[in-house]
Amino acid sequence: MTSELNWKKSSYSSGQGQECVEATQKDSGTIKIRDSKNKNESELEFKHKEWGNFIGKIKH
Numbered sequence: 001m002t003s004e005l006n007w008k009k010s011s012y013s014s015g016q017g018q019e020c021v022e023a024t025q026k027d028s029g030t031i032k033i034r035d036s037k038n039k040n041e042s043e044l045e046f047k048h049k050e051w052g053n054f055i056g057k058i059k060h
């Protein structure tokens with residue numbers, strides 16, 4: 001259940017703008033991200049390798 005996960009807000013989320021992202025890691029190693037302003041909306045879920053690929057693409 002989502003409410004039992006330990007969500008961390010991005011350090012780039014100022015709380016004043018529209019860019020508010022939170023992430024958590026499930027016991028299985030799966031990474032989940034969501035919009036912190038819409039916590040009850042859809043979440044994206046990545047396997048560990050997929051998450052690494054995703055982060056690698058957005059850093060470049």
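With full-length UniProt numbering, letter number 52 in the sequence shown gets 52, and the count goes up by one each step, no holes. No residue lacks a Cβ here, since even glycine has one placed at the ideal position from N, Cα and C. A quick note: this is a predicted structure, and the numbers were derived from the prediction, not measured.
Contacting residues, own chain, Cβ-Cβ under 6 Å from residue i (five flanking each side not counted)
i, result
"Lys32", "Thr24, Glu43 and Glu45"
Alpha carbon of residue i to alpha carbon of residue j, nearest angstrom
i, j, result
"Thr2", "Gly56", "Its pLDDT being 49, under 50, Thr2 is placed unreliably in this model, and the coordinates cannot settle the point."
"Gly29", "Lys49", "10 Å"
"Leu5", "Ile58", "25 Å"
"Gly52", "Glu22", "16 Å"
Residue i beta carbon near the ligand PLP (any heavy atom closer than 7 Å)
i, result
"Asn53", "Looking for the ligand PLP in the displayed structure turns up nothing, as the structure carries no ligands at all."
Boundaries (first-last residue) of the beta strand (DSSP E) holding residue i
i, result
"Glu50", "Segment His48 to Ile58 is the alpha helix (DSSP H) holding Glu50; no beta strand (DSSP E) there."
"Lys43", "A small correction: the amino acid at residue 43 is Glu; Lys does not occupy that position in the sequence shown. Element bounds for Glu43: n/a, residue is neither H nor E."
"Glu22", "Val21 to Gln25"
"Glu32", "Going by the sequence as given, residue 32 is Lys instead of Glu. Per DSSP, Lys32 belongs to the beta strand (DSSP E) from Ile31 to Asp35."
Whole-number beta carbon distance between residue j and residue i, since they are thought to touch under 8 Å
i, j, result
"Ser9", "Cys20", "Before going on, a small fix: residue 9 reads as Lys here, not Ser. Right, their Cβ atoms sit about 7 Å apart."
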